[in-house]
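Residue numbers (the working numbering): 33 to 141.
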């Protein structure tokens with residue numbers, strides 16, 4: 033996506049990737065899939081020093097890690113809401129002002 037390409041230039045595409053991973057997680061079809069995805073998401077995005085660590089405050093990070101000890105379909109909700117807020121109030125407004133978006137608008141006219 034164009035927004036994803038913009039986030040890549042800002043070195044913050046992990047936020048969108050995390051959000052989308054949370055959406056997939058919520059729709060896990062069985063407990064095995066839910067537990068596997070919980071572990072994968074925790075390792076990739078939430079654990080301190082994770083390869084694509086998202087910008088969570090320590091309270092939300094700790095709460096999420098605690099919830100993932102016994103994962104259910106809503107365990108990632110606090111972290112997902114926090115990252116959505118970051119995307120909505122920080123990244124998206126910058127995207128709307130970016131050259132990438134402005135070029136896209138001009139091409140659409």
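We treat Cβ as the ideally placed atom computed from N, Cα and C, and that holds for glycine.
What you are looking at is a predicted structure, and each value in this text was computed from that prediction instead of being measured.
Rounded to whole angstroms, the separation of the alpha carbons of residue 111 and residue 120 is 14 Å. It is roughly 9 Å from the alpha-carbon of residue 96 to the alpha-carbon of residue 74.
Assignment of residue 56 by DSSP, reduced to helix, strand and coil, places it in the helix class. Three or more beta-carbon pairs separated by less than 8 Å link the segment 35 to 54 to the segment 78 to 91, which places the two stretches in contact.
Rounded to whole angstroms, the gap between the alpha carbons of residue 133 and residue 46 is 20 Å. Around the beta-carbon of residue 108, 16 or more other beta-carbon atoms lie within 10 Å, marking it buried.
Within the same chain, Cβ atoms closer than 7 Å to the Cβ of residue 44 are found at 123, the five residues on either side in sequence being excluded.
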